[in-house]
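Numbering (this note's numbering), first residue to last: -6 to 94.
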């Protein structure tokens, strides 16, 4: 299993728009073979940092998801929303190996 950890720098004045975007991706990732663990929005502390965590059975499965996302209508619409509204200023993507009980 591989878990993707995304750290977003977002426009702090557009947190509601980012939340709407996040709510689009959770079912998409789940539908496309992943297990989304949620988005984590600013609360206390930095007002412009958000996180997401989701897992796939393998890095190969994640890569299949990424390839499929390029032609999936829901993915294309979500990417377009982020591009048009510009609430994501930057992001970092890291891959982790979870240790589960």
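Heads up, the beta-carbon is just placed ideally off N, CA and C, and yes, glycines get one too. Owing to the predicted nature of the structure, the values given are computational and were not obtained by experimental measurement.
Straight-line gap, residue i to residue j (C-alpha atoms, nearest Å)
| i | j | result |
| --- | --- | --- |
| residue 2 | residue 57 | 26 Å |
| residue 87 | residue -3 | 6 Å |
| residue 23 | residue 48 | 9 Å |
| residue 50 | residue 31 | 17 Å |
| residue 44 | residue 34 | 7 Å |
| residue 61 | residue 39 | 34 Å |
| residue 63 | residue 94 | 35 Å |
| residue 18 | residue 68 | 8 Å |
| residue 74 | residue 90 | 30 Å |
| residue 16 | residue 5 | 18 Å |
| residue 25 | residue 66 | 12 Å |
| residue 95 | residue 29 | Since the first residue shown for the chain is -6 and the last is 94, residue 95 is missing from the structure and cannot be characterised. |
Buried or exposed (CB count within 10 angstroms, at least 16 for buried), residue i
| i | result |
| --- | --- |
| residue 92 | exposed |
| residue 27 | buried |
Expected contact under 8 Å - CB spacing of residue i and residue j to nearest Å
| i | j | result |
| --- | --- | --- |
| residue 80 | residue 7 | 4 Å |
| residue -5 | residue 52 | 5 Å |
| residue 84 | residue -1 | 6 Å |
Chain B within 8 Å of residue i, Cβ atoms only
| i | result |
| --- | --- |
| residue 57 | The chain inventory of the structure shown lacks chain B, comprising one protein chain alone. |
Residues sharing a beta bridge with residue i, DSSP
| i | result |
| --- | --- |
| residue -5 | 49 |
| residue 1 | 43, 84 |
Every unbroken beta strand (DSSP E) inside the segment 11 to 92 [3 residues or more]: 28 to 33, 42 to 49, 81 to 89
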